[in-house]
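Residue numbers (my numbering), protein chains in the order written: chain E, 92 to 200; chain B, 2 to 850. No residue lacks a Cβ here, since even glycine has one placed at the ideal position from N, Cα and C. Here is the structure we will look at, set down as structure tokens.
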Amino acid sequence: MSKPAAMLQGTLDLLILKILHLEPRTGWAISQRLRQMSNEALQVSHGSLYPALHKLEAEGWIKGDWRTPETGRPTKVYSLTAAGRKQLKAEAANWAKLSAAVNGILETL
Amino acid sequence: MNLRKLRAIFQRNEMERELDLELTDHLAQEAETLMAAGIPEDEARRRALATMGKLPSIREECRDSRGIRLWDELRQDARFALRLLGRNRMFAALSLATIALGIGSTTAIGSLVDAVLIRPLPFPAPGELYAASDVGMRGPLDVLRANAKAAEYAGYLGARDFTTLGEAGPERTRGVEVTANFFRMLGAVPLLGRTFTGGEDGRRVAVLSHRYWRRQFQGRPDVVGVHFSADEIEYEVVGVMPAAMTFPAESANFWVPMRMDPRLAGEYWGTGGVMAIARLRAGQTAVSASAELRSWVPRIRGMFPWRMPDAWGTGAGLTLLQESLSAGSKVPSLLLLGAVFLVLLIGIVNVANLLTAQAAARQREFTMRVSLGATSGRIARQLLTEAMLLALAGGLGGVVLAYAGLPLLQHWMPAGTPRIGEATLDARVLAFSAVLALGSGLLFGLWPLLRSRRAGSGAALLVAEAAFATMLLIGGGLLLRSLWLLMQVSPGFRPESIVTAEFTPSRSIGASLPRVVEASDSLRAKLLAFPGVRDAAATNVLPVTPEISAFTAAIEDHPRPPQDPQIPLWSTAVSPAYLDTLGVRLLRGRGFTEADRAGSELVVMIGQQTARRYWPDRSPIGRRLKPVWERDWRTIVGVVEDVKHYGLKGPPDWIEGEVYLPLAQAVVLPRKLSIAVRVEGPTENVEARLPVIVREICAQCAVSKIARMESVVSGAARAPRSLAWLVTALAGLALVMAAAGIYGVVSHSVIRRTKEIGVRMALGAAWRHVAWEVARPSVVYTALGAAIGFGLSWGLAKLVKSLLFGIAEHDGLTFSAAPVVLVAVAAASCVYPILRALRIDPARCLREG
Chain E
92 MSKPAAMLQG
102 TLDLLILKIL
112 HLEPRTGWAI
122 SQRLRQMSNE
132 ALQVSHGSLY
142 PALHKLEAEG
152 WIKGDWRTPE
162 TGRPTKVYSL
172 TAAGRKQLKA
182 EAANWAKLSA
192 AVNGILETL
Chain B
2 MNLRKLRAIF
12 QRNEMERELD
22 LELTDHLAQE
32 AETLMAAGIP
42 EDEARRRALA
52 TMGKLPSIRE
62 ECRDSRGIRL
72 WDELRQDARF
82 ALRLLGRNRM
92 FAALSLATIA
102 LGIGSTTAIG
112 SLVDAVLIRP
122 LPFPAPGELY
132 AASDVGMRGP
142 LDVLRANAKA
152 AEYAGYLGAR
162 DFTTLGEAGP
172 ERTRGVEVTA
182 NFFRMLGAVP
192 LLGRTFTGGE
202 DGRRVAVLSH
212 RYWRRQFQGR
222 PDVVGVHFSA
232 DEIEYEVVGV
242 MPAAMTFPAE
252 SANFWVPMRM
262 DPRLAGEYWG
272 TGGVMAIARL
282 RAGQTAVSAS
292 AELRSWVPRI
302 RGMFPWRMPD
312 AWGTGAGLTL
322 LQESLSAGSK
332 VPSLLLLGAV
342 FLVLLIGIVN
352 VANLLTAQAA
362 ARQREFTMRV
372 SLGATSGRIA
382 RQLLTEAMLL
392 ALAGGLGGVV
402 LAYAGLPLLQ
412 HWMPAGTPRI
422 GEATLDARVL
432 AFSAVLALGS
442 GLLFGLWPLL
452 RSRRAGSGAA
462 LLVAEAAFAT
472 MLLIGGGLLL
482 RSLWLLMQVS
492 PGFRPESIVT
502 AEFTPSRSIG
512 ASLPRVVEAS
522 DSLRAKLLAF
532 PGVRDAAATN
542 VLPVTPEISA
552 FTAAIEDHPR
562 PPQDPQIPLW
572 STAVSPAYLD
582 TLGVRLLRGR
592 GFTEADRAGS
602 ELVVMIGQQT
612 ARRYWPDRSP
622 IGRRLKPVWE
632 RDWRTIVGVV
642 EDVKHYGLKG
652 PPDWIEGEVY
662 LPLAQAVVLP
672 RKLSIAVRVE
682 GPTENVEARL
692 PVIVREICAQ
702 CAVSKIARME
712 SVVSGAARAP
722 RSLAWLVTAL
732 AGLALVMAAA
742 GIYGVVSHSV
752 IRRTKEIGVR
762 MALGAAWRHV
772 AWEVARPSVV
782 YTALGAAIGF
792 GLSWGLAKLV
802 KSLLFGIAEH
812 DGLTFSAAPV
822 VLVAVAAASC
832 VYPILRALRI
842 DPARCLREG
């Protein structure tokens with residue numbers, strides 16, 4: 092998967108889960124939110140967002156529902172599933188552990 | 002694989018469409034946001050697209066993450082596997098051949114077993130059809146047919162040759178006599194016309210088989226109503242059966258109603274050979290119908306015009322018709338199926354071995370792929386794909402082999418195996434082969450994967466292989482030894498230079514015994530005039546021919562009360578020249594002469610065993626016996642060497658002795674005559690002229706079964722011979738495959754240990770030690786496997802007991818020879834790898850190490 096080199100594998104998944112934890116969103120809305128939240132620090136190409144979304148959906152952590160608003164253009168809205176909530180908790184804990192460990196190493200050096 | 006992934010594979014188009022919709026939506030929203038910020042539409046669209054990245058690769062990645070990847074990777078793996086197999090041709094060819102051979106033979110035998118044992122009889126509700134045992138006469142059957150409430154009874158006589166008129170004159174044609182309700186009771190529906198109606202017992206109507214209708218009547222649709230002659234009786238064709246109807250004999254050309262006439266007491270009550278079959282009526286069970294049958298037995302016993310022994314009919318009972326028909330073929334068929342399964346298993350073990358060796362050799366490739374990011378699961382899948390590919394290709398080859406080999410197998414299978422002609426590679430058999438292929442693929446595909454986690458599985462392969470091969474060797478050995486002993490049996494006469502044949506006397510000749518004798522005498526005179534003929538004789542039944550000819554006898558010195566079982570004797574009616582022509586030795590008294598005629602003193606000869614049995618301490622000459630129903634005693638005038646009647650194993654167990662009668666004094670009018678001609682020099686001329694000579698004395702007679710007596714004798718061993726050779730061939734195959742497998746394992750270990758061996762030899766190890774080291778695992782594991790195979794065979798041997806002759810099922814020689822042979826072959830397979838190990842140059846090893 093062609094992700095920005097700066098981005099650790101699994102980070103994007105974690106962020107998506109976190110964003111959807113607040114409320115269901117479309118893929119586009121998620122990309123907007125990503126940009127805002129990270130103060131543009133995370134340069135995620137919109138293209139690489141979708142494979143990640145589809146993977147999470149295939150894992151059963153998020154689910155996509157098709158809705159047709161008044162504009163008439165069908166749009167897919169993703170929301171977190173129960174399994175996804177559990178996964179978010181686990182990955183967040185993992186991330187905390189990992190970043191603490193990395194920080195610890197960086198500080199001792 | 003979960004459902005979502007399955008959906009991803011099968012609803013690919015649907016998913017792609019949804020993805021496009023989603024991306025379009027995203028682009029539109031992005032563009033709208035930009036436009037809201039004042040950017041013109043074209044520019045907004047362009048920028049939106051730019052933030053997105055390359056659309057095709059996004060689609061690709063989405064597909065990946067959805068699990069379609071699995072499918073694509075499978076194709077990739079398959080392509081890679083094909084390339085690999087293409088590069089390693091020797092390995093591919095060997096594995097493919099092994100699997101194809103294994104699956105091919107299993108498929109072919111499987112289709113036979115299916116036809117013979119499994120496939121239901123081609124009649125409606127075949128589970129309601131039963132065979133009734135121990136009521137094999139017209140009378141009892143007729144009583145049951147008229148009175149039984151729980152089941153409807155019908156019957157038939159064994160197929161026999163009728164004389165019909167073909168284009169080239171009279172010919173002998175196989176037909177079956179059946180009761181009038183036979184077809185209706187079975188539920189067999191005619192293709193043309195009708196079947197017999199209730200009252201047609203003994204009428205001159207006939208139903209044709211599909212084959213005979215096509216051959217003799219050119220398949221003409223207006224055949225119903227046509228007359229044809231059989232045994233000089235005009236039968237009217239009333240119907241034609243479809244091709245599937247071959248019951249009770251595949252050789253049957255037509256069915257005619259059987260005579261069921263109580264006024265002909267001898268035929269009605271006294272002649273056996275009637276097979277009784279029954280169909281359960283609605284609401285009845287085999288238990289209730291059997292109970293009813295048994296309740297009728299005492300009543301029927303009382304209806305006989307003469308006193309029947311109390312034991313008559315006590316064995317009466319119902320067996321599923323299908324089981325009863327295939328009873329004699331069950332053990333041979335299952336034995337063959339077991340044998341091919343073992344060969345297939347050995348094949349699987351061999352391929353597993355090869356694949357394991359290959360996997361070991363590819364360790365470097367795997368390491369590299371793992372370092373490039375492949376997971377171990379991915380590599381396992383690659384290996385499994387390769388194995389499945391091999392298995393499926395092998396399976397396909399196997400089906401082709403089976404298709405080509407099935408006719409051969411049908412030909413080789415023991416003669417008289419019922420329904421064997423029905424064997425085909427239908428959808429069910431093909432499904433069976435597919436399951437075999439997939440199962441084999443899984444087995445030898447998973448093996449190398451398991452092996453990488455557990456040491457010592459190579460040993461397990463060797464042990465399994467040796468065990469299976471031992472079982473096959475023992476099975477083949479037992480059958481071969483039985484066959485050999487059977488071939489050693491002296492038939493009791495000299496079969497060399499004898500030509501035999503058979504014909505049905507015409508009605509005018511066959512009407513009375515004096516006419517039959519007269520015809521037989523003039524036939525002999527004509528034959529003796531033919532150059533090269535030394536003698537000729539006629540009889541109602543030739544030795545080693547599976548036709549029953551017996552009567553129930555009373556022996557003067559051994560009176561039995563009428564309620565006790567009487568004495569069944571094998572009876573052969575012979576012309577005076579019989580002993581000389583066949584070369585049967587006269588041991589005591591005299592043979593028959595022209596003077597032993599109808600009206601002269603009734604005389605008989607008996608066999609030596611019979612003489613010993615009934616007159617152990619005195620001469621039987623002058624003693625008397627007779628058929629139970631006759632008034633006049635017949636005097637024993639001679640004792641002859643024992644002849645193998647019925648088959649090489651002699652007549653069935655229930656026969657208690659053998660007796661010869663002059664043809665002129667036969668107990669019943671012979672329906673057909675067999676002739677034996679002793680010839681000096683080549684037999685071909687006589688064989689060619691026989692039909693002509695017979696026709697000189699009887700223009701309406703057709704001659705069949707012209708054969709040399711030697712081939713009749715060897716034909717008597719045909720069933721055990723084909724079975725013995727089939728199993729032995731499979732055992733040989735197993736042995737070769739096992740040897741190849743052992744060779745592979747040992748060579749592989751030598752290659753792996755080249756360096757170690759080199760070093761040890763450099764350090765001065767004795768060659769004997771090195772050799773033993775190399776050979777030890779195979780010899781030890783083979784011996785272990787042989788021991789296991791020995792044990793399994795010992796346990797299973799009683800299942801084949803019925804197929805053996807002259808040896809016990811735990812025959813010491815076979816059971817001790819098979820493991821020895823196997824271990825010897827294992828040791829021999831090690832010789833070349835050992836030589837290679839010993840040729841390792843220590844210096845080079847050290848330099849390179």
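Taking the alpha-carbon of residue i as reference, which of the options has the nearest alpha-carbon?
| i | options | result |
| --- | --- | --- |
| P496 of chain B | B:S509, B:A133, B:M710, B:G813 | B:M710 |
| G156 of chain B | B:N254, B:P249, B:L543, B:L570 | B:P249 |
| S750 of chain B | B:T357, B:G446, B:L543 | B:T357 |
| G733 of chain B | B:L793, B:S550, B:G478, B:K650 | B:G478 |
| I119 of chain B | B:W795, B:R525, B:K331 | B:K331 |
| L171 of chain E | E:T102, E:W152, E:V193 | E:W152 |
| E631 of chain B | B:Q217, B:W307, B:S498 | B:W307 |
| A360 of chain B | B:T611, B:I380, B:V760 | B:I380 |
| E706 of chain B | B:G176, B:G682, B:S675 | Looking at the sequence itself, residue 706 of chain B is Lys, so the reference to Glu does not match. When only C-alpha atoms are compared, the closest one is B:S675. |
| L140 of chain E | E:P160, E:I110, E:W186 | E:I110 |
| A126 of chain B | B:L450, B:L322, B:D812, B:P141 | B:L322 |
| T611 of chain B | B:E657, B:S134, B:S252, B:T174 | B:E657 |
Let's see if you can read the secondary structure: which residues bound the beta strand (DSSP E) around residue i?
| i | result |
| --- | --- |
| F229 of chain B | 228 to 231 |
| W119 of chain E | Note, W119 of chain E: premise wrong, no beta strand (DSSP E); alpha helix (DSSP H) at 118 to 128. |
| E237 of chain B | 234 to 241 |
| S705 of chain B | 704 to 709 |
| D536 of chain B | 534 to 540 |
| G203 of chain B | Neither: G203 of chain B is in no beta strand (DSSP E) and is coded neither H nor E. |
| P663 of chain B | 658 to 663 |
| A520 of chain B | Looking at the DSSP string, A520 of chain B is not in any beta strand (DSSP E); the run it does join, the alpha helix (DSSP H), is 514 to 529. |
Identify the residues that DSSP records as bridge partners of residue i: which are they?
| i | result |
| --- | --- |
| A502 of chain B | B:I676 |
| D156 of chain E | E:V168 |
| D162 of chain B | B:R175 |
| G151 of chain E | In DSSP, G151 of chain E forms no bridge with anything. |
| T636 of chain B | B:V604, B:R625 |
| G1 of chain B | An answer regarding residue 1 of chain B cannot be provided, because it is not within the stretch 2 to 850 covered by chain B. |
| R280 of chain B | B:L130, B:E153 |
Residue i and residue j look like a contact to me (Cβ under 8 Å); what is the Cβ gap, rounded to whole Å?
| i | j | result |
| --- | --- | --- |
| A353 of chain B | W256 of chain B | Actually they do not touch by this definition, with Cβ atoms about 54 Å apart. |
| T166 of chain E | T117 of chain E | 5 Å |
| G639 of chain B | R589 of chain B | 6 Å |
| L473 of chain B | A735 of chain B | 4 Å |
| L486 of chain B | I808 of chain B | 7 Å |
| D232 of chain B | F163 of chain B | 5 Å |
| A725 of chain B | L384 of chain B | Not confirmed; about 41 Å, so no contact. |
| I104 of chain B | S434 of chain B | 6 Å |
| P191 of chain B | V241 of chain B | 6 Å |
| Y661 of chain B | M738 of chain B | Not a contact, Cβ separation roughly 53 Å. |
| A554 of chain B | Q567 of chain B | 7 Å |
Which residue marks the beginning of the alpha helix (DSSP H) containing residue i, and which one marks its end?
| i | result |
| --- | --- |
| R308 of chain B | Premise fails: R308 of chain B is in no alpha helix (DSSP H) and is neither H nor E. |
| G175 of chain E | 173 to 199 |
| A776 of chain B | 768 to 797 |
| S817 of chain B | 813 to 830 |
At 4 residues or longer, what runs of the alpha helix (DSSP H) sit wholly inside the stretch 327 to 390 of chain B?
364 to 372
Which ranges would you report for the alpha helix (DSSP H) in the stretch 15 to 80 of chain B if only whole runs of at least 4 residues count?
42 to 53, 56 to 64
Could you name each continuous beta strand (DSSP E) segment of 3 residues or more that falls completely within the stretch 582 to 631 of chain B, going from the start of the chain to the end?
587 to 590, 604 to 608, 625 to 628
Can you list the alpha helix (DSSP H) stretches of 4 or more residues lying completely in the stretch 79 to 161 of chain B, in chain order?
90 to 114, 139 to 148
At what residue ranges does the stretch 245 to 275 of chain B contain a whole run of the beta strand (DSSP E), taking only runs of 3 or more?
255 to 258
Runs of alpha helix (DSSP H) lying entirely within the stretch 716 to 755 of chain B, each at least 4 residues, in chain order:
719 to 753
Which runs of the alpha helix (DSSP H) at least 4 residues long sit entirely within the stretch 419 to 455 of chain B? Give them in chain order.
428 to 454
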